[in-house]
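Letter 201 of the sequence shown, counting from 1, is numbered 201 in UniProt numbering, and no numbers are missing. Working notes, beginning with the structure itself.
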Amino acid sequence: MLTQFEPIPDSGKVFKWKRLFIGASVFIALVFLYQPLRRESFNEAEERRHIEMGRQVDRSMYQQTNGGAPLTAPTCETPPYVLLGAPTTSEITINIFSDLDSVVKVFYAGPMDQHNLETQPMQVQASQAPARATLTNLSPGTTYHYVVAYQNGMGGKYCTQALTSEVRVFTTAKSTADTFRFGVVADIHLNQEGGFMESVVQQTFALMQQEVTNPGGMDFVVDLGDTFMNTKVPYPTKIEPYQRIFRLYSQVCNQAPLFLVNGNHDGEVGWDIQIPNKKHPENPPVEYVLNRKAYFSNPLPNAFYSGNTVVEFEETGYQGNYFAFDWGNALIIGLDPFWYTRTISRITDKHGVNLAEDPWSWTLGEDQYNWLYDTLANTKAKFKFIMMHHVTGGVFGTPKEGGGGGGAKFSRYFEWGGYDRDGQHLFEQKRPTFSHGPIHDFLVKFGVQVVFKGHDHLNNKGDLDGVLYHTLPKPSLDTFGKPPTTAEEQGYPYEDSVLESGYMMVTVSPTVATVTYTSFKGEQMDEYSVYPTA
Numbered sequence: 001m002l003t004q005f006e007p008i009p010d011s012g013k014v015f016k017w018k019r020l021f022i023g024a025s026v027f028i029a030l031v032f033l034y035q036p037l038r039r040e041s042f043n044e045a046e047e048r049r050h051i052e053m054g055r056q057v058d059r060s061m062y063q064q065t066n067g068g069a070p071l072t073a074p075t076c077e078t079p080p081y082v083l084l085g086a087p088t089t090s091e092i093t094i095n096i097f098s099d100l101d102s103v104v105k106v107f108y109a110g111p112m113d114q115h116n117l118e119t120q121p122m123q124v125q126a127s128q129a130p131a132r133a134t135l136t137n138l139s140p141g142t143t144y145h146y147v148v149a150y151q152n153g154m155g156g157k158y159c160t161q162a163l164t165s166e167v168r169v170f171t172t173a174k175s176t177a178d179t180f181r182f183g184v185v186a187d188i189h190l191n192q193e194g195g196f197m198e199s200v201v202q203q204t205f206a207l208m209q210q211e212v213t214n215p216g217g218m219d220f221v222v223d224l225g226d227t228f229m230n231t232k233v234p235y236p237t238k239i240e241p242y243q244r245i246f247r248l249y250s251q252v253c254n255q256a257p258l259f260l261v262n263g264n265h266d267g268e269v270g271w272d273i274q275i276p277n278k279k280h281p282e283n284p285p286v287e288y289v290l291n292r293k294a295y296f297s298n299p300l301p302n303a304f305y306s307g308n309t310v311v312e313f314e315e316t317g318y319q320g321n322y323f324a325f326d327w328g329n330a331l332i333i334g335l336d337p338f339w340y341t342r343t344i345s346r347i348t349d350k351h352g353v354n355l356a357e358d359p360w361s362w363t364l365g366e367d368q369y370n371w372l373y374d375t376l377a378n379t380k381a382k383f384k385f386i387m388m389h390h391v392t393g394g395v396f397g398t399p400k401e402g403g404g405g406g407g408a409k410f411s412r413y414f415e416w417g418g419y420d421r422d423g424q425h426l427f428e429q430k431r432p433t434f435s436h437g438p439i440h441d442f443l444v445k446f447g448v449q450v451v452f453k454g455h456d457h458l459n460n461k462g463d464l465d466g467v468l469y470h471t472l473p474k475p476s477l478d479t480f481g482k483p484p485t486t487a488e489e490q491g492y493p494y495e496d497s498v499l500e501s502g503y504m505m506v507t508v509s510p511t512v513a514t515v516t517y518t519s520f521k522g523e524q525m526d527e528y529s530v531y532p533t534a
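As structure tokens, then:
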């Protein structure tokens with residue numbers, strides 16, 4: 001069984017991995033004798049047995065191979081952070097970030113594997129870009145157990161994250177006959193003054209952790225952007241937001257791989273690109289792309305994923321800024337309306353007063369537009385979900401005009417819907433080379449059920465021609481009991497909007513998809529179902 005990995009230290013000179021292999025072998029063997037899957041709940045006897053299994057692993061991992069004498073006072077208080085990405089039917093990528101210099105190794109096995117599988121040892125430098133391993137030759141629709149064993153410093157003390165009470169798992173892509181669940185989060189707004197509360201986001205993520213262990217689990221998570229807040233928050237270093245978001249998501253996405261969608265405050269925006277088609281690492285949008293790619297494994301085009309194959313800047317390679325993939329009976333599409341919007345839509349003076357707004361400035365760009373049409377035209381999936389931060393166009397006639405937000409009724413305008421403010425259909429005039437017509441029209445044509453989006457920090461869903469536009473609230477602000485006083489100027493009916501922070505879960509079976517909105521306090525705020533279109 002081959003694995004791809006980076007980087008590889010000269011482990012033979014420093015570390016005795018034989019001990020680690022023996023310990024992890026005991027762990028994996030016991031896991032499959034007992035098989036405590038996250039999809040099942042423990043009764044008391046099973047839990048006691050599982051704890052004892054962990055103790056045996058604990059003892060094994062902390063013993064030397066020459067005589068079995070225990071190491072003195074192993075220090076394992078600082079395990080690495082683990083985050084999964086880019087799962088397919090046969091592969092998954094594991095990113096490992098550490099606050100200490102460490103060497104890590106991944107042991108994993110599926111139900112049909114006769115022997116433990118493992119990566120080579122990987123060196124992780126303290127507070128630097130993660131080590132990354134791609135596990136290959138996996139089986140489709142299969143749950144794998146895994147252990148990340150690690151060693152801090154040079155002391156020869158082995159540790160494992162999977163002691164006593166937790167078995168980490170991941171799942172490869174499901175077939176069309178399978179039911180699966182995934183999570184959706186929008187607008188974390190990391191560290192924004194007045195817009196982010198650490199205690200609230202931790203409550204939200206604790207609930208999402210529980211979703212991972214609930215019946216049905218959570219196969220992956222989609223983040224709809226305004227996550228890193230590079231253009232809004234002054235961080236001490238440019239990599240700090242990526243490290244903090246990595247730590248946050250590792251609570252959930254060490255078992256449910258993460259997909260990132262670009263937001264307007266994340267910095268990967270076309271209007272800040274200064275010198276096209278030239279290598280220039282000082283250019284902030286390019287640097288933000290490189291930082292994101294260093295820390296997170298967003299999908300890149302291959303046999304499983306389709307996406308952006310245009311290399312605009314040599315140093316970024318494939319950007320991974322838009323993508324599509326099939327999972328079960330669903331097509332998941334992530335869009336980016338920011339990289340190709342080269343003229344900012346809202347012009348303000350030095351006092352922040354709006355001087356002009358042109359919602360036609362927002363665009364997917366012709367390549368992404370054509371790719372989206374072709375992706376929808378060629379899919380056989382019964383369910384089709386669009387993931388994006390906001391539409392290309394959005395609300396007008398309010399102080400938020402030009403900002404891209406707004407509810408379902410504003411999806412009929414500008415590039416997204418084709419109409420101008422005054423009701424004239426100007427799509428062909430404004431987009432003469434976009435040959436498939438307004439985006440909303442072909443979403444209707446191809447039976448898209450839901451467009452999930454963020455940006456406006458409230459929960460609202462509205463139907464337009466059979467397409468449901470669902471705006472998500474934040475997961476990170478205590479808005480308990482507060483009315484959505486700005487809903488109208490944001491382009492939403494006041495009476496249909498809720499501010500309550502939370503997250504979405506989507507359960508997709510072969511015949512129905514159910515969306516559940518849960519607040520950060522654990523209250524179910526809304527639930528609805530959508531069905532395959534003819």
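Note that CB positions come from ideal geometry on N, CA and C, so glycine has one too. Quantities reported herein were computed from a predicted structural model and do not represent experimental measurements.
> Which runs of the alpha helix (DSSP H) spanning at least 4 residues fall entirely within the segment 357 to 431, listed in chain order?
Replying inline: Entirely contained in the segment 357 to 431, the alpha helix (DSSP H) runs reaching 4 residues are, in chain order, 366 to 378, 414 to 417 and 427 to 430.
> Which value, in whole angstroms, describes the spacing of the CA atoms of His145 and Gly393?
Replying inline: 45 Å
> Quick one, which of Thr179, Phe228 and Ala408 has its alpha-carbon nearest Trp327's?
Replying inline: Thr179
> Could you check where the alpha helix (DSSP H) with Leu207 kicks off and where it finishes?
Replying inline: Glu198 to Thr213
> For Thr516, which beta-bridge partners are listed by DSSP?
Replying inline: In the DSSP output, where bridge partners are listed per residue, Thr516 has Met505 and Glu527.
> Does the pairing of the segment 314 to 325 with the segment 242 to 256 give three or more beta-carbon distances under 8 Å?
Replying inline: Judged by Cβ distances under 8 Å, the segment 314 to 325 makes no contact with the segment 242 to 256, as fewer than three pairs qualify.
> What does a CB cutoff of less than 8 Å around Thr309 pick up in its chain, not counting 5 residues either side in sequence?
Replying inline: Pro301 and Tyr318
> What residues are listed by DSSP as bridge partners for Lys461?
Replying inline: His470
>> Whether or not the segment 453 to 473 and the segment 388 to 408 are in contact is what I'm after, with contact meaning three or more pairs of Cβ atoms, one per stretch, closer than 8 Å; do they touch?
In response: yes
>> Which same chain residues end up closer than 6 Å to Pro532 when comparing Cβ atoms and leaving out the 5 residues on each side of it in sequence?
In response: The residues are Lys382.
> If you draw a straight line from the C-alpha of Val512 to the C-alpha of Phe182, how long is it?
Replying inline: 14 Å
>> Taking contact to mean 3 or more Cβ pairs, one atom from each stretch, closer than 8 Å, check whether the segment 479 to 498 and the segment 415 to 430 are in contact.
In response: no
>> Would Gln209 and Val148 be called neighbours here (beta carbons separated by less than 7 Å)?
In response: no
> Do Asn230 and Gly267 have their CB atoms nearer than 7 Å?
Replying inline: yes
> Which residues does DSSP pair with Lys105 in a beta bridge?
Replying inline: Ala149
> Could you give the C-beta distance for Val169 and Thr143, rounded to a whole number, given that I count them as a contact under 8 Å?
Replying inline: 5 Å
> Can you pull the DSSP bridge partners for Tyr81?
Replying inline: Phe97
> Taking the Cβ atom as the reference point for each residue, do Asp465 and Val444 lie within a distance shorter than 7 Å?
Replying inline: Against a cut-off of 7 Å, the Cβ pair of Val444 and Asp465 comes out as a contact.
> Where do the ends of the alpha helix (DSSP H) carrying Arg247 lie?
Replying inline: Glu240 to Cys253
>> Using only the alpha-carbon positions, how far apart do Leu258 and Glu489 sit?
In response: The straight-line gap from Cα to Cα measures roughly 32 Å.
> Which one or two residues does DSSP pair with Glu315 in a beta bridge?
Replying inline: Note: Glu315 sits in no beta bridge, so no partner.
> The beta strand (DSSP E) with Ala330 in it runs from where to where?
Replying inline: Ala330 to Gly334
> Tell me the DSSP bridge mates of Arg292?
Replying inline: BP columns for Arg292 are empty, so no partner.
>> Which residue wins for smallest C-alpha separation from Phe97, given the options Pro337, Asp223 and Arg247?
In response: Arg247
>> In whole angstroms, give me the CA-to-CA distance for Ser411 and Thr479.
In response: 27 Å
>> Buried or exposed for Lys380, going by 16 or more other Cβ atoms inside 10 Å?
In response: exposed
>> I'd like the list of long-range same chain contacts for Pro475, defined as Cβ closer than 8 Å, with 5 residues on each side in sequence excluded.
In response: Only Val185, Ala186, Asp187, Ile188, Val200, Val201, Thr204, Phe205, Ser501, Gly502, Tyr503 and Phe520 meet the Cβ criterion.
>> Taking 8 Å as the cut-off, does the segment 108 to 124 touch the segment 81 to 89 (at least 3 CB pairs, one atom from each stretch)?
In response: no
> Terminal residues of the continuous alpha helix (DSSP H) containing Val444?
Replying inline: Ile439 to Lys445
> Excluding the five sequence neighbours on either side, which residues of its own chain have a C-beta within less than 7 Å of the C-beta of Asp272, listed in chain order?
Replying inline: Pro284 and Pro285
> What do you reckon, are the CB atoms on Lys384 and Leu331 nearer than 7 Å?
Replying inline: Their beta carbons are under 7 Å apart, which means Lys384 touches Leu331 by this criterion.
> Which partner residues of Met122 appear in the DSSP bridge assignment?
Replying inline: Val104
> Relative to the alpha-carbon of Ala177, which residue among Tyr288, Glu527, Ser509 and Thr78 has its alpha-carbon at the smallest distance?
Replying inline: Nearest to Ala177 by alpha-carbon distance, out of Tyr288, Glu527, Ser509 and Thr78, is Ser509.
>> Excluding the 5 residues flanking Tyr288 on each side, which residues of the same chain have their C-beta closer than 6 Å to its C-beta?
In response: Asn230, Gly267 and Glu268
>> Between which two residues does the beta strand (DSSP E) holding Ala487 run?
In response: Looking at the DSSP string, Ala487 is not in any beta strand (DSSP E); the run it does join, the alpha helix (DSSP H), is Ala487 to Gln490.
> Is the beta carbon of Asn262 sitting closer than 7 Å to the one on Gly225?
Replying inline: A contact, by the Cβ cut-off of 7 Å.
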